[in-house]
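S.K.:
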Amino acid sequence: MKITKEADYALRIVAMLAKSGQQIEAKVIAEQNGIPYRFTLKILRKIVQAGYLKSFRGVNGGYMLNKTPEEITLRNVIEIIDGDIALNGCLSESGCCVNDGSCVIRRKLQHVQDIVTNELDSITFADIIAEMPE
13 MKITKEADYA
23 LRIVAMLAKS
33 GQQIEAKVIA
43 EQNGIPYRFT
53 LKILRKIVQA
63 GYLKSFRGVN
73 GGYMLNKTPE
83 EITLRNVIEI
93 IDGDIALNGC
103 LSESGCCVND
113 GSCVIRRKLQ
123 HVQDIVTNEL
133 DSITFADIIA
143 EMPE
């Protein structure tokens, strides 16, 4: 499993918005995180569509969290961008292995994946911002 650059940026964006607790313009989000502006807009759109951010149009427009930092986990944001987390293709919903039920390797990888996803699910953005410098 490798988190994409887009998911990494999304995590940074949500952390920034969680820490500020206020509405921030897309341009400011892009500049402060070193993310290309158009790419920032694409990421923001996905997170808004998933219901985790809300957007405001116009002169005083911007973005802010639509849920509390306690309600948003690392897993939520990663899966918004990258889809379901799967260490191997056989662990995805489409599954590809003919030995699905009897494969020891699949069972072991599933165990590791469960540990990773449970950990990502247990870390909220409240946890993240609590450790961020002022």
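For the sequence shown, the numbering used here begins at 13 and goes up steadily by one.
In this text, a Cβ means the ideal position worked out from N, Cα and C, and glycines have one as well.
Could you tell me the alpha carbon to alpha carbon distance between ILE15 and LEU86, rounded to whole angstroms?
M.R.: Here residue 15 is taken as the residue at index 3 of the sequence shown, counted from 1. Here residue 86 is taken as the residue at index 74 of the sequence shown, counted from 1. About 11 Å.
S.K.: Quick one: Cα of GLY33 to Cα of LEU77, how far?
M.R.: For the purposes of this step, residue 33 is taken as residue 21 along the sequence shown, with counting starting at 1. For the purposes of this step, residue 77 is taken as residue 65 along the sequence shown, with counting starting at 1. When rounded, the distance between both Cα atoms is 7 Å.
S.K.: Return helix, strand or coil for SER67, following the three-state DSSP convention.
M.R.: Taking the sequence shown and counting its residues from 1, the one referred to as residue 67 is at position 55. Correct three-state label for SER67: strand.
S.K.: Please determine if the stretch 34-41 and the stretch 63-79 are in contact, where contact requires at least 3 C-beta pairs separated by less than 8 Å.
M.R.: Flag = yes, the stretch 34-41 and the stretch 63-79 touch.
S.K.: Could you give the C-beta distance for ILE55 and ILE93, rounded to a whole number, given that I count them as a contact under 8 Å?
M.R.: Taking the first residue of the sequence shown as 1, we reach residue 55 at position 43. Taking the first residue of the sequence shown as 1, we reach residue 93 at position 81. Confirmed, about 7 Å.
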